[in-house]
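Everything below concerns the one structure shown next.
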C-alpha cells in the first residue's frame, strides 16, 4: 500500500498519467498511478493556484482519499459524470477551497473495512455504498444522491448527521443496510425519491429518523412495507406513499399552499401519530391513488386530531378515534373519519399550520 | 454541540442549527487542528452559518427543479 500525492496543479486523473503523482508531498512527479490499495492526498503542495483535476473514467480509483485545497485559489474536480471507486474514507477539507463541478463526482465506496465519508459542506453528485460486509459512516452532513448496493450506510448514531439528497435508491438485492439513526433526511427529488419497494436482503433502521420530501414536482415514497420514523410532505406537489408501511408519524410541513398526500389503493399505513393537517385556505388533500378504491390509515389507540383536510377514499381505523376537524371536507367514500373537532378536554395530536 | 479529536488527529466541531420549515441541520467542521486553531471564534461561527445557509439554499433550489431520479 503506497501513498500518492497529487502534484503539478492541473491534470488528468487517468490510468496512465504519472505526471501528476508523487510519492511525497510536493515531491518529484512520475510516481505510479494510485491503485485501490493506495492512499491519495491532495494538499497545499498539489497546486499553487486555481487548478482543475479531470477524471477521464479510466482510473480504477484509489484507497483513502483526502482532498485539501491548494496553497492559494481553489481545486475543482471535473469528473465528467464518471463513477469512481474509493476503497476507503473520503475526506474533503472544510476550507471551502474544493469544489466538484456539478454532476461530476460520484464516488463508489468499495471499502472492505469501516470507512467514513466527510464532505464538509461540499455537494457530491452521488455516493454509492458498495462495501461488502462493512460500513460507510458519515463524518459530517452529506449532500448528494444516495445509492445503496451492498454493505451498510450509517449516518452516525452519535451525531445523526443531516442528509440532503435528490433520492435514496437501491442497486440490486444484495445484503445491505441503512442506519439512519435520528437523522433528518431531506429528499428534494421528484418521481420515486425514496425507492425501497424491493426489500430482499435489505435492513432498514429508520424508526427514529425524519424524512421530508420537498419537491414541487410529484414524488413518491416507496416504503416497501418497512418501519420508519416521521415522513413529511414538505412541498407543493403531491406525495404518494406506496407499500403498507409503519410510521411513527405522517406529517405535513408545507404551509405555503394547499398540497396532497396520496396513499396507494389497498395499502394500510400503520401509524403511532398522524399530525398531517392543512390550514385555512391551504387544504391538505388526503386521497387514494385510484378514485373509488380506498387506502387505510390505522392507529391502535388514542385520538387523531387534524383539520383543514379534504378527504377521499380513506378508511381510518385501528382502534383510535380519527377526528378530521371541523374545517375538513368529507369528499367521498370515507369511513372511520369524524368531521368535527375532538370533544373539549380530549387529547390528541394536532398541528395547525398557520 | 461538541468538539472532538478524531483518530487521524483532525478536529470535528459539530453543530446544530434549526430552520423553521426544513427542521434541524446537523453538521460538523472537520479540519486539520493547525488550520482550526488559526481561526477566530467569529470565523468558526461564520463558517457554520454559511454551511447552514448553503443547505437551505440547496433545498430551495433543488425542490423547484424536476430532477431525474
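Protein chains in written order, with my numbering: chain F, 12 to 365; chain P, 212 to 280. For glycine and all other residues, C-beta sits at the position ideal for the given N, C-alpha and C.
- A straight line joining the alpha-carbon of residue 217(F) with that of residue 191(F) spans about 5 angstroms.
- For residue 267(P), the three-state secondary structure derived from DSSP is helix.
- At a C-beta separation below 9 angstroms, residue 248(P) has no neighbours in chain F, since its nearest C-beta there lies roughly 13 angstroms away.
- Around the beta-carbon of residue 354(F), fewer than 16 other beta-carbon atoms lie within 10 Å, marking it exposed.
- By the criterion of a C-beta distance shorter than 6 angstroms, residue 180(F) is surrounded in its chain by 158 and 206, once the five residues flanking it on both sides are discounted.
- In summary, the residues of the region 228-245 of chain P whose CB is separated from some CB of chain F by less than 7 angstroms are 232, 233, 234, 235, 236, 237, 238, 239, 240, 241 and 242, in the order they occur in the chain.
- By the Cβ criterion, the region 248-265 of chain P is not in contact with the region 85-102 of chain F, since fewer than three pairs of Cβ atoms, one from each stretch, lie closer than 8 angstroms.
- For residue 45(F), no beta strand (DSSP E) segment is defined, and its DSSP state is neither H nor E.
- The Cβ atoms of residue 62(F) and residue 36(F) do not sit closer than 8 angstroms to each other.
- Within the region 168-191 of chain F, those residues whose Cβ lies closer than 8 angstroms to any Cβ of chain P are, in chain order, 170, 171, 172, 173, 175, 177, 178 and 180.
- Interface annotation for the region 223-243 of chain F against chain P: 223, 225, 226, 227 and 228, criterion Cβ-Cβ distance under 8 angstroms.
- A direct Cα-Cα distance of roughly 20 angstroms separates residue 222(P) from residue 51(F).
- Under DSSP, residue 181(F) takes part in a beta bridge, and its partners are 159(F).
- Counting along the chain, the unbroken beta strand (DSSP E) around residue 239(F) starts and ends at 238-244.
- In chain order, 310, 311, 312, 313, 314 and 315 place their CB closer than 7 angstroms to the CB of residue 331(F), counting only its own chain and leaving out the 5 sequence neighbours on each side.
- The alpha-carbon of residue 201(F) is positioned some 7 angstroms away from that of residue 231(F).
- Residue burial is scored here from C-beta neighbours: residue 123(F) has fewer than 16 other C-beta atoms within 10 angstroms and is therefore classed as exposed.
- Taking a Cβ-Cβ threshold of 7 angstroms, none of the residues of chain P is close to residue 90(F); the smallest such distance is about 17 angstroms.
- Interface flag for residue 131(F) against chain P is set, since a Cβ pair is found closer than 8 angstroms.
- Our two residues, residue 306(F) and residue 273(P), have alpha carbons roughly 30 angstroms apart in a direct line.
- Annotated as distal: residue 116(F) and residue 147(F), with beta-carbon spacing of 8 angstroms or more.
- Under the DSSP assignment, residue 118(F) falls in the beta strand (DSSP E) whose first and last residues are 117-120.
- At a beta-carbon threshold of 7 angstroms, the residues of chain F lying near residue 270(P) are 175, 197, 199 and 225, ordered along the chain.
- Taking the beta carbon of residue 152(F) as reference, the chain P residues within 9 angstroms of it are 236, 237, 238, 239, 262 and 266, listed in sequence order.
- Between residue 338(F) and residue 322(F), the beta carbon gap of about 12 angstroms keeps them out of contact (Cβ cut-off 8 angstroms).
- Shown here, residue 261(F) sits in a strand according to DSSP, grouped into three states.
- Selection 263(F), 75(F), 89(F) and 108(F) evaluated against residue 100(F) yields 75(F) as nearest (Cα-Cα).
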